[in-house]
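Following: one structure in structure tokens, then a few remarks.
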């Protein structure tokens with residue numbers, strides 16, 4: 090089992106930045122693919138970014154250039170740096186983990202709220 094805990098959310102003005110963190114504990118197999126998803130009120134959960142154990146990254150097309158995912162395996166942390174935030178980025182952001190080759194993410198955090206508003 091792996092436990093994921095997100096932090097770093099909050100209220101930020103449009104154009105501002107936030108850096109989310111996801112701390113993994115338990116079975117922190119470094120081969121896990123780590124990802125961020127988000128869900129806005131009334132909308133479906135959507136993929137934001139992922140980082141594989143070899144540090145290969147992938148992003149939602151609409152977020153490329155503004156969001157950056159990274160990982161520090163020594164600290165069991167995954168980060169999401171979010172720049173030039175827009176009101177439409179307002180959502181709960183979730184960290185997730187899966188083993189390579191698996192289709193579904195097996196472990197999820199509880200989420201951290203990001204609100205972009207003036």
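In this note's numbering, the protein residues as written are 90 to 207. Glycine included, C-beta positions come from ideal geometry on N, C-alpha and C. Owing to the predicted nature of the structure, the values given are computational and were not obtained by experimental measurement.
Cβ neighbours of residue i in the same chain (closer than 6 Å, five flanking residues each side left out)
i, result
"residue 155", "172 and 173"
"residue 170", "108 and 157"
"residue 196", "91, 93 and 186"
Three-way DSSP call (helix, strand, coil) for residue i in this model
i, result
"residue 159", "strand"
"residue 114", "strand"
"residue 177", "helix"
"residue 206", "coil"
beta-carbon residue i near the ligand FMN non-hydrogen atom, thresh 6 Å
i, result
"residue 141", "You won't find the ligand FMN in this model; it holds no ligand whatsoever."
Sub-7 Å separation of residue i and residue j beta-carbons
i, j, result
"residue 110", "residue 97", "yes"
"residue 126", "residue 134", "yes"
"residue 103", "residue 207", "yes"
"residue 112", "residue 204", "no"
Beta carbon proximity, residue i to chain C, threshold 7 Å
i, result
"residue 188", "No chain C is part of this structure, which consists of one protein chain only."
Reference residue i, options the options, closest by Cα
i, options, result
"residue 208", "204, 184 and 143", "The question about residue 208 has no answer, for the chain in this structure spans 90 to 207."
"residue 166", "101, 102, 114 and 105", "114"
"residue 159", "168, 176 and 105", "168"
"residue 151", "162, 95, 116 and 178", "178"
"residue 215", "129, 176 and 162", "Outside the modelled stretch of the chain, which goes from 90 to 207, sits residue 215, for which no answer is possible."
"residue 118", "147, 164 and 129", "164"
"residue 189", "145, 199 and 198", "145"
Residues near residue i by beta carbon distance below 8 Å, same chain, minus five either side
i, result
"residue 193", "187"
"residue 116", "90 and 91"
Go through the region 96-152 residue by residue and report every complete run of the beta strand (DSSP E) that reaches 3 residues or more, in order.
The region 96-152 contains these whole beta strand (DSSP E) runs: 99-101, 107-115, 122-128, 135-140 and 146-148.
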